[in-house]
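Asks: Residue numbers (the numbering used here), protein chains in the order written: chain A, 1 to 253; chain B, 1001 to 1253; chain C, 2001 to 2253; chain D, 3001 to 3253; chain E, 4001 to 4253; chain F, 5001 to 5253.
Cβ atoms here follow ideal geometry from the backbone N, Cα and C, with glycine treated the same way.
Since this is a predicted model, take the numbers as computed values, not measurements.
Quick one: structure below, then a few questions.
6 protein chains.
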Amino acid sequence: MERVRTGIPGFDELLGGGFLPQSANLIEGAPGTGKSTLGMQFIHHGIAACGEPGLIHTFEALPEQYYRDALSYGWDFRRMEREGKLRVVMTSPEVSKADLEKVGGRIERMIREIGAQRILVDSLSHFERLAGNAVELRSLAYGFVNSLKREGMTVVLTRESSTLLGEDDNNNDMLAFLVDSYTLLRYVEIDSAVQKALLVLKMRGSNHDKGIRQFEITGRGIEVHAPFEGRDGILSGSPRRMIDSFRQAFVRH
Amino acid sequence: MERVRTGIPGFDELLGGGFLPQSANLIEGAPGTGKSTLGMQFIHHGIAACGEPGLIHTFEALPEQYYRDALSYGWDFRRMEREGKLRVVMTSPEVSKADLEKVGGRIERMIREIGAQRILVDSLSHFERLAGNAVELRSLAYGFVNSLKREGMTVVLTRESSTLLGEDDNNNDMLAFLVDSYTLLRYVEIDSAVQKALLVLKMRGSNHDKGIRQFEITGRGIEVHAPFEGRDGILSGSPRRMIDSFRQAFVRH
Amino acid sequence: MERVRTGIPGFDELLGGGFLPQSANLIEGAPGTGKSTLGMQFIHHGIAACGEPGLIHTFEALPEQYYRDALSYGWDFRRMEREGKLRVVMTSPEVSKADLEKVGGRIERMIREIGAQRILVDSLSHFERLAGNAVELRSLAYGFVNSLKREGMTVVLTRESSTLLGEDDNNNDMLAFLVDSYTLLRYVEIDSAVQKALLVLKMRGSNHDKGIRQFEITGRGIEVHAPFEGRDGILSGSPRRMIDSFRQAFVRH
Amino acid sequence: MERVRTGIPGFDELLGGGFLPQSANLIEGAPGTGKSTLGMQFIHHGIAACGEPGLIHTFEALPEQYYRDALSYGWDFRRMEREGKLRVVMTSPEVSKADLEKVGGRIERMIREIGAQRILVDSLSHFERLAGNAVELRSLAYGFVNSLKREGMTVVLTRESSTLLGEDDNNNDMLAFLVDSYTLLRYVEIDSAVQKALLVLKMRGSNHDKGIRQFEITGRGIEVHAPFEGRDGILSGSPRRMIDSFRQAFVRH
Amino acid sequence: MERVRTGIPGFDELLGGGFLPQSANLIEGAPGTGKSTLGMQFIHHGIAACGEPGLIHTFEALPEQYYRDALSYGWDFRRMEREGKLRVVMTSPEVSKADLEKVGGRIERMIREIGAQRILVDSLSHFERLAGNAVELRSLAYGFVNSLKREGMTVVLTRESSTLLGEDDNNNDMLAFLVDSYTLLRYVEIDSAVQKALLVLKMRGSNHDKGIRQFEITGRGIEVHAPFEGRDGILSGSPRRMIDSFRQAFVRH
Amino acid sequence: MERVRTGIPGFDELLGGGFLPQSANLIEGAPGTGKSTLGMQFIHHGIAACGEPGLIHTFEALPEQYYRDALSYGWDFRRMEREGKLRVVMTSPEVSKADLEKVGGRIERMIREIGAQRILVDSLSHFERLAGNAVELRSLAYGFVNSLKREGMTVVLTRESSTLLGEDDNNNDMLAFLVDSYTLLRYVEIDSAVQKALLVLKMRGSNHDKGIRQFEITGRGIEVHAPFEGRDGILSGSPRRMIDSFRQAFVRH
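Listed below in structure tokens is the structure:
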């Protein structure tokens, strides 16, 4: 099947080529792990390398923030916007929801105006204030995501995790069940420093790579590297390397 | 006793031949572990290999999603539906419940129309929005499941777990007490990658295999492999292999 | 003191001969651990080996379920019921409670009709829906249990645990304080498989065996085996065997 | 200072001779750890060995239960009651509280009638239903305990712990702050069996023994033995003995 | 800077000489760790060694309790009270609060009457019943403490911890942020016994000793000893000594 | 890009030169970790070394507290205030919020009066009492921070953590998502003493140093030292050094 490439070195390979067309893709991580950067890189690659215009839909950060952040990776979002290939929209979750529900709303209009094929929703966590509980939130998010997919979009959704290391116990909203792929960005403490790990946990209808990869945010955006080696419990954020050192000490020595 | 085979390589063996006829079988797992795939494979095998028509009952994903996903495993659900051997129904939990309670409801009619013997309910978690608390949910689910069993169906019910690794502390709904078998799908971090484990925890009236097996989702669906070896704490999702390496280092060396 | 034998190989020995006469005995376990089987075996042994008629009191599963399950262990409950030695009653907790409170209620009448000396209440957890909180539940259960004891019955009460491995943090209802014995059924992960452990934690007025025993559900019911060996932390469900392997590696080698 | 001996072998030594006169002494433990037995032994020793009449104040178990349990340790409570040296009273927490607040209430009258110097309150946990929250419970318990101390009584109070192994996270009622001594009874898993540990955590104005001791309930009541050896983490209920085995393996071998 | 000495051997050294003048100093600990003893010793030392009269302000225990407890350490509080150097006041938190808010209240009058320079507030935890939530409690405590500091007092505040081992998860009242020093008293299980540890976690404007010290309550009050050695995780209450034994076993042997 | 130097030895290097101009920078830590000291040092360095006037905005501690604390590090805040280079303001969160929302409010006026370029908000945690829930708090804090950035300020915000060791489970307010940098101050138990660790977890648009550094509060303020060595799990507050000692014992020995 044809894939929607993100252009992120190493990430497309993990995904088996890229996202599925017209799919919803959830990226979850703690503050500073690079969720927005990953999303912007996906949008930038669409415009710059695939001729696919894109939309960035945000609920808190101003468009200027995205222009500035993108520029630090060498992505000229202002120019792209001038050229009619990008729209950065900031609105409230209430408005976006209402907007997508009616025919010819503002987002629909923008999508059609620039012929957008990709969209970054940054972040889905803001929908929480629309919903009274987890069941309602799921239903809301489901409707929103589906209306975007119906427009033919490939969607990247970010979700905020309030836990710095390991699994977020507070995120029991079940959003991961309604998306087509689910990627975790995690902090991992190794050798007295904090490194970053990426894992594609779920990928619908596809036998993807399940390795836990190290990644970095460089001056050109995200780069996904080799798997971690000789460690247990990476997903806990605080891995153990006993075995490795045991081996070194006893077996190979 | 005669068994209802799932056709999943390795899984029927664990179950002691298959599910019990007219039984309710719970499959629980985190997003991406393969609950729906397991259920579709059960339905497909019934139609393709056993001559037993089937129903897929969903509350969120559209029928198209199932057609597409099934096709990626080589299962032509559209054709089966045309041939009157399959029905994929999407409705709200409210409607299904009401429907099964009255004589000659829509689901009952469909079951009889195609002579269905198998049903996948994907997922039981959606009933949560009908119930005010765990006690009520249990009673609701009990009524729903029993009315299906009374129709002569063998039922596969999926349940969503919001925890990625280890046991889900939020699932205290006691649903596992009212089913005839209970299977866990779990993520396990091994060697810097995420693998999948399957365990038949409960099987009514039967001395089944209690091994924790590795499984994969391949291009032909789920395949259950050998047990994990030389690891403690697999069900925690983050197993230890100290002993193993100790043995290697000290005893056999 | 004379004891009420359960007929379960190994269990009566742990109990110091059996339950105390006219005692309340709590059996707690996760789904599939064998609580109902243990209770049915206690009832069956009373009728078949001791000439003591019995009652099975259930709130959810239909009598047919018990007949079928019992038969898989070779216990013909239908025949026993026909011979007036057994009654299987399904009712709501509300009705049972009200019933026992008045003179000559249905349960009292049944007990006297067949001269029942043993009763299985499967499960006490259903009383939760009668009670607004833990204090009320305790008071309700206390009244119910005492009225059964006053009728001269030896009572087996099952309680459901929603936690699969280790201690159930949700069970703070204090029911264990008002019974005469308290037995835990637990899952234990050993060697990549799930085994079952049984422990008599409490036994009023008696110096019972406090070993944590492995047990199996065979074609003839429950059989309690030898204690686990060379493992720490069995009650956590995920034991460690480091010491053992250390010993093997260093000391005996 | 003169001490009020409990007569429990090993326990008086831990306490530095016994409880302080006119003190409140809290005994906390999970079901089956022996709280009531310890309390009854304290009452029995007072009557049989010290000439100090006693009162047993209970809120749930019937007096008959205490007579029977005591008898299994060879303590003839019925005879003591006939001889005017013991009273076993069952009442509601509401009544006891009200009773002690007015002059010449029933408990006060009983205390004076038999000249009681010791009282067992079994258990303080029943006061929870009188109090809306932890602050109120503390105030209630404080008033109740002080009115008993003002009558010149040495008080043993039991408290139920709902956690089987390790610390009870639910007990944040702060009752331990208002008593003069605080003793923990704990289950400890060692060598595939459950043993019992006793620890005097707090003892007002006294340099008591802080060892964690093994104890047993024998045919003559509680006997406190030697401390556990070569284990870390006993209070967790699941101790580790790594060091010990390391030492054995490496150093002494 | 001049310091207010506590007279507790080893503790003044940790503090860098003593508390800061006119400072608020929080002492936190589980029942029986010695919070009140530490506070009384601070008051006694002020009167007996520094000529600084003191006030003990309590909300639950009667003054008699303090006289008796102090006497067990050889501190004659009754005499000091007679000599006009000490006041022991028991009142409700409501009254104290109101009292300090108006000019010439009872506490202010007492302070001036005896020229008090030190005060023990035992314990701040009782203010919890005045406050609806953590934010309000903080504001209340802040006002109370500041009005005492404005009177020129050096304040010792005790706070109760409901957790026996390790950190108290329930204490999220943020009181530690508004004091000038913060000292933890902790239980630590070592060699099958419970020892006591003291740590000065926070000390405003000062480079104090951050060692975790063992301490004892002797017949003369608290004595702070050397740091614990060769153990990790002391603050958890259940330390590990693996490294130490590893070292002994491998390196030095 | 030009950076706003904090003047804290070692910290500017971690940040890649300093904070970003007109950025919001969150400093989180438990009581006594040095949040306020870090903030004051940032303000002092701006005035003394960069000619950038500054504002200290507090909600609880009186200005006098800051003068005194600063003086203990040799920073003469009173003089700076007299010279019109510093303002220390204490107000309620309500007032500050309202103040910044209108044109020409008090804070705006002060900023312009002294030409302030840096501000310390100590602490953001006080905004919690303005907000009914986490979503509202985020929105409030977002508005407040943005209005300060719009005035051209570089902002340091402190946040209180109620957990002494490891991650604070109570802080799920998501504030870390709306700032440009996020620095953690943590306690770490090493060798029976409590040390301090600093980590820059997030730094917008920048490849900063992710090492976990030891730091001290000296007589001249904060000094950031070398990373911790040979330890796993520093962020848990209770690190393990097994590997290290294993290496020493086995490999190098």
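1) Roughly how many whole angstroms lie between the Cα atoms of V2224 (chain C) and I2008 (chain C)?
2) Would you be able to state if there are at least three C-beta pairs under 8 angstroms between the region 181-190 of chain A and the region 30-47 of chain A?
3) Kindly indicate the opening and closing residues of the alpha helix (DSSP H) around A5131 (chain F).
4) Please classify Y4118 (chain E): is it buried, with 16 or more other beta-carbons within 10 angstroms of its beta-carbon, or exposed?
5) Straight-line CA distance for G70 (chain A) to D12 (chain A)?
6) Within 8 angstroms (strictly less), CB to CB, does S4238 (chain E) reach chain F?
7) Quick one: is E4101 (chain E) near chain F, going by C-beta distance under 8 angstroms?
8) Does any C-beta atom of chain B lie closer than 8 angstroms to the C-beta of Y182 (chain A)?
9) Apart from the five residues just before and just after F2250 (chain C), which ones in its own chain have a Cβ nearer than 8 angstroms to its Cβ?
10) Taking Cβ-Cβ distances shorter than 7 angstroms, what residues in chain A pair up with A5176 (chain F)?
11) Give a yes or no on whether 8 angstroms exceeds the smallest Cβ distance from E5064 (chain F) to chain A.
12) Are there 16 or more other CB atoms within 10 angstroms of the CB of A2141 (chain C), so buried, or fewer, so exposed?
13) Is the beta carbon of E2216 (chain C) less than 8 angstroms from the beta carbon of E2151 (chain C)?
14) Look at the alpha carbon of H208 (chain A) and the alpha carbon of G2032 (chain C), and state the distance between them as a whole number of angstroms.
15) Assign Q195 (chain A) to one of three DSSP states: helix, strand, or coil.
16) Mind checking who D273 (chain A) pairs with in its DSSP beta bridge?
17) In chain order, what residues of the same chain lie with their CB nearer than 6 angstroms to the CB of H5126 (chain F), ignoring the 5 residues before and after it?
18) Using 8 angstroms for Cβ pairs, my map puts T2158 (chain C) next to I2047 (chain C). What's the rounded Cβ distance?
19) Mind listing the chain A neighbours of T1058 (chain B)? Cutoff is C-beta to C-beta under 9 angstroms, in chain order.
20) Taking S3092 (chain D) as the query, report the chain C residues whose CB atoms sit under 7 angstroms from its CB, ordered along the chain.
21) When Cβ atoms are compared, which residues of the region 4185-4205 of chain E fall closer than 8 angstroms to chain F?
22) Just reading off the beta strand (DSSP E) that L3086 (chain D) is part of, what are its end residues?
23) Report the residue ranges of all alpha helix (DSSP H) runs contained in full by the region 3013-3074 of chain D; include only those spanning at least 4 residues, in chain order.
24) Given this structure, state the Cα-to-Cα distance separating G3219 (chain D) from S3072 (chain D), to the nearest angstrom.
25) When you compare only the Cα positions, how much space is there between L15 (chain A) and L2235 (chain C)?
26) Looking at C-alpha atoms only, which residue of A:N133, A:L148, A:G10 is the closest neighbour of G211 (chain A)?
27) Please state if the CB of V2089 (chain C) and the CB of E2081 (chain C) are separated by a distance shorter than 8 angstroms.
28) Under a CB-based cut-off of 8 angstroms, is E4216 (chain E) close to chain F?
29) Starting from L2165 (chain C), find everything on chain B with Cβ-Cβ shorter than 7 angstroms and list it in chain order.
30) Pull up the CB-CB distance for A24 (chain A) and K196 (chain A), whole angstroms please, since I reckon it's below 8 angstroms.
31) Examine chain F for any beta-carbon lying closer than 8 angstroms to the beta-carbon of G4016 (chain E), and answer yes or no.
32) At a Cβ cut of 9 angstroms, what residues of the region 4035-4054 of chain E count as close to chain F, listed as they run along the chain?
33) Residues in its own chain within less than 6 angstroms of V4004 (chain E) by CB, not counting five upstream and five downstream?
34) Does the beta-carbon distance from L165 (chain A) to V1194 (chain B) come in below 8 angstroms?
35) With a threshold of 8 angstroms between beta carbons, is R1078 (chain B) in contact with chain A?
36) Do you know offhand how far A2134 (chain C)'s Cα is from E3113 (chain D)'s?
Replies: Answer, in terms of the structure:
1) 7 angstroms
2) yes
3) That residue, A5131 (chain F), is in no alpha helix (DSSP H); it is neither H nor E in DSSP.
4) This sequence places Arg at residue 4118 (chain E); Tyr is not what is there. R4118 (chain E) is buried by the Cβ-count criterion.
5) Position check: residue 70 (chain A) holds Ala in this sequence, whereas Gly was assumed. Spanning the two alpha carbons is a distance of roughly 20 angstroms.
6) no
7) no
8) yes
9) Caution applies to F2250 (chain C), whose pLDDT of 42 falls short of 50 and renders its modelled position unreliable; the model cannot decide the point.
10) P31
11) no
12) buried
13) no
14) 34 angstroms
15) strand
16) No information on residue 273 (chain A) is available, as it lies outside the stretch 1 to 253 that chain A covers here.
17) F5059, P5093
18) Not a contact, Cβ separation roughly 19 angstroms.
19) Here the premise fails: no neighbours, minimum Cβ distance about 12 angstroms.
20) Neighbours of S3092 (chain D) on chain C: none; closest Cβ ~10 angstroms, over 7 angstroms.
21) L4199, L4201, K4202, M4203, R4204, G4205
22) 3086-3090
23) 3035-3050, 3063-3071
24) 7 angstroms
25) 41 angstroms
26) A:G10
27) no
28) no
29) E1167, L1235
30) So it is not a contact: roughly 23 angstroms between Cβ atoms.
31) no
32) none
33) G4018, F4019, P4021, T4154
34) no
35) no
36) 37 angstroms
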